[in-house]
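Using my numbering, you'd call the opening residue of the sequence shown number -3 and step up by one each time. Notes follow the structure.
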Amino acid sequence: MVAKTQIGKRTPAINGDIKTKNIGLRGVKVADTKISDVDGENGILIYRGYRIEELARNSTFEETAYLLLYDALPTAEQLKEYSKRLTEARYLPGFVVESMKQLPRESQPMDVLQAAIPLLAMADPELTRETRESNLSKALRLIARVAEVVAAWQRIRQGLAPLPPDETLSHAGNFLWLMSGIKPDPETAKDFDTALILHADHSFNASTFACREVVSTQAHMYAGVAAGVGALSGSLHGGANAQVMKMLIELQEEKDVAGWVRFQLESGRKIMGMGHAVYKTTDPRAKFLKEMGIRLGKKLGQEQWNRLLTEVEETAMAEFEKRGKTTIKPNVDFYSAPVYHMMGIPHDLMTPVFAVSRIAGWTAHIIEEKFGDAQEKPALYRPSSEYVGNYCGRTGCAYMPVPRRK
Ligand SMILES: CC(C)(COP(=O)(O)OP(=O)(O)OC[C@H]1O[C@@H](n2cnc3c(N)ncnc32)[C@H](O)[C@@H]1OP(=O)(O)O)[C@@H](O)C(=O)NCCC(=O)NCCS
């Protein structure tokens, strides 16, 4: 038996796929979208045409979610109605909470969230209805309840009962209350709301693509979202924020931060929270979170995080420069980690908090995919691959019965 490539019988390239393989689909446009766009050269992110800076300064998470899902900013009446429906959908079905109570307390919060998504599916009265309206309702329930699940797990794992949602609080404020048992002050709730806006969508990132790929098979929205949660958990994607915080905690005791950074890079390790598959300049979300982190650090007497980040950033950038890698800059996770820490969010809840926001983008993309909104008609994703494994010609390898195998 020989590897297929060794006998020179490669499958001919279809649509040039030989050129695009094993590159993580970088630069490959797999679909059209009307939801968001990342201009990596100029550091610009837009949701439905609006720049992220504009939304972060003026909008709310509820309004931004509506924009992503309905392709227009809501009128006052529409926003009131949408916010009311979101508030009403906050309550978790009893069997979801009871099931979560059965899980081992040390379970990773992202695993708990991923396990809870099919439970939420079972509680959705419109699960098998595939109209646009029913999918928009499913999206609304998911936006409300992903936040509830993440906060409830924080209580359950401490042996505490989940708290009832507070209908007077915004989506952001209610999450902080449910997670901590403390009603947030308006400024903290607003900062968290801004962080949720900044994370709500990001075109065809790995988790969004996972959601879209799954529902392209006509699977329901919850199946797509469960895949998205799984993809987000990885440390090269949403998991990076928790890794950044781990680094900062470690560096608190480090006398030679610059030496630590150099050692990491010389050992072939990555500096978490730096670099991006699309941005080749500063991530526009990072700018906002950096400013927020500096402000919170001053207010709470925790300026050490920004000091450490600045030293890591400056040293890493100088080292990257020496290696000719001038496009690796801090990304959103570099600055969100200390911001979340200062808001009292436990470190292993930082990635689930990313999902609390990104669920708005995931569900908008799932609807766009299901209804072919940006293309002629929906299409099943089915890329091709090149077989480079064992090959015995077109007749295939001879099967050897077990007793005769050596
Ligand atoms: C996000 C990420 C995967 C994007 O990577 P990319 O630019 O598409 O491609 P690569 O990972 O192949 O990086 C290209 C080169 O830069 C290096 N590089 C990229 N990010 C780096 C980082 N944070 N620290 C050290 N080196 C890095 C890679 O090691 C690679 O070097 P090589 O060519 O010598 O092998 C990458 O920057 C990364 O792993 N960052 C850290 C994790 C993170 O913060 N993820 C959250 C993203 S929002």
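All residues carry an ideal CB built from backbone N, CA and C; glycine is no exception. Note that the structure is predicted; figures quoted are calculated from it, not measured.
Delimiting residues of the beta strand (DSSP E) encompassing residue i
i	result
D197	No beta strand (DSSP E) contains D197, which DSSP labels as neither H nor E.
Y43	40 to 43
S32	32 to 35
Neighbour-count burial assignment, residue i, 16 or more Cβ in a 10 Å radius
i	result
C393	exposed
G4	Only weak support exists for where G4 lies, its pLDDT of 40 falling under 50; the coordinates are left without a value.
Q248	exposed
R6	Since pLDDT at R6 reaches only 44, below the 50 mark, its modelled position is unreliable, and the value read off the structure follows with that caveat. By the neighbour-count rule (16 or more Cβ atoms within 10 Å), R6 is not buried but exposed.
Y62	buried
P280	buried
D406	Any answer about residue 406 is impossible in this case: the structure gives the chain only from -3 up to 402.
Y43	buried
S166	buried
G320	exposed
P182	exposed
N131	buried
A312	buried
K373	exposed
T60	buried
V146	buried
T29	buried
G90	exposed
M396	exposed
Proximity below 9 angstroms, CB of residue i to CB of residue j
i	j	result
N237	M346	yes
G271	K325	yes
L174	A148	yes
I113	A356	no
L136	R81	yes
L41	I48	yes
A206	G224	yes
A282	V328	yes
L305	F330	yes
G293	P334	yes
P161	Y87	yes
A191	H233	no
T184	L194	no
E307	V240	no
A168	F57	yes
T359	K76	no
E365	S199	no
S229	Q150	no
I152	L115	no
N-terminal and C-terminal residue of the alpha helix (DSSP H) that residue i is part of
i	result
K152	According to the sequence shown, residue 152 is Ile rather than Lys. 128 to 152 is the span of the alpha helix (DSSP H), which, as asked, contains I152.
V328	328 to 338
S380	Run containing S380: none; DSSP gives neither H nor E here.
D107	105 to 118
H216	Neither: H216 is in no alpha helix (DSSP H) and is coded neither H nor E.
L271	First, the amino acid is wrong: residue 271 is Gly here, not Leu. Segment: none, G271 is in no alpha helix (DSSP H) and carries neither H nor E.
G169	167 to 176
Y62	57 to 66
V93	90 to 97
M243	236 to 248
M288	280 to 296
A394	Note, A394: premise wrong, no alpha helix (DSSP H); not H, not E.
Q260	253 to 262
P70	Counting along the chain, P70 falls outside any alpha helix (DSSP H), and DSSP gives it neither H nor E.
R303	300 to 318
E364	346 to 367
Per DSSP, the bridge partner or partners of residue i
i	result
R47	I42
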